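S.K.: The letter at position 41 of the sequence shown is residue 163 when you use this note's numbering, and the numbering goes up by one with no holes.
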Amino acid sequence: MTVKQYLKQTYMLDKLIKSNCEELNQLKELSTSISGIDYSKNKISSGNVVNNAEFTNIICKIVDLEIKIQNQVDEFITLKNEIREKINKIQSTNEKLLLRLKYINFYTWEQICDEMELSIRTIHRIHSAALINFKKFLA
């Protein structure tokens, strides 16, 4: 795994969590929608009503997805803390700030240029040096 791939893990995990949250919201909307009752599926046996409601399956999927999201969030927090600790070991303040903005705060290159008040060429030069220095802490 390259340094960039290692650092981009949090970004990809963040996108995955957001995607799962969108799916979760869709499932929750689906679970609250009203559907017609199919009386042909209800059977009365010894006074008990047996009904395999669709929403029961949806609720199970919601619970499973919530657990999956929580596990991903835990992994995300752990990985972000690990990356932050390694970034903080870098000597150069500019390199440290750039890596934090890019891989912790998920800033675009343009946002980093604005924040650091530097040209895109200078930002890329600092970034290259920062990746070389960061590699020392990947062992």
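Cβ coordinates follow ideal geometry from the N, Cα and C atoms, glycine included.
Just so it is clear, the structure is predicted and the values come from calculations on it, not from any experiment.
Starting from the C-beta of residue 152, find all residues in its chain whose C-beta is less than 7 Å away, skip the five residues before and the five after it, and write them out in chain order.
M.R.: Closer than 7 Å at Cβ, skipping near neighbours: 180.
S.K.: Please report the residue range of the alpha helix (DSSP H) in which residue 216 lies.
M.R.: From DSSP, the alpha helix (DSSP H) with residue 216 extends over 215 to 225.
S.K.: Just to check my reading of the structure: residue 184 and residue 150 have Cβ atoms closer than 8 Å, yes? What is that Cβ distance to the nearest angstrom?
M.R.: About 6 Å separates the two Cβ atoms, so the contact holds.
S.K.: Where does residue 242 land, buried or exposed, given buried means 16+ other C-beta within 10 angstroms?
M.R.: Exposed.
S.K.: Between the alpha carbons of residue 126 and residue 137, how many angstroms are there, rounded?
M.R.: Rounded to whole angstroms, residue 126 to residue 137 spans 17 Å at the Cα level.
S.K.: Between residue 191 and residue 219, what straight-line distance do the alpha-carbon atoms span, to the nearest angstrom?
M.R.: Roughly 29 Å between the two C-alpha positions.
S.K.: Tell me whether residue 225 is buried or exposed, calling it buried when 16 or more other Cβ atoms sit within 10 Å of its Cβ.
M.R.: Buried.
S.K.: Please look up how many angstroms separate the CB atoms of residue 154 and residue 205, rounded, as I've assumed it's under 8 Å.
M.R.: No, residue 154 and residue 205 are not in contact; Cβ-Cβ is about 39 Å, not under 8 Å.
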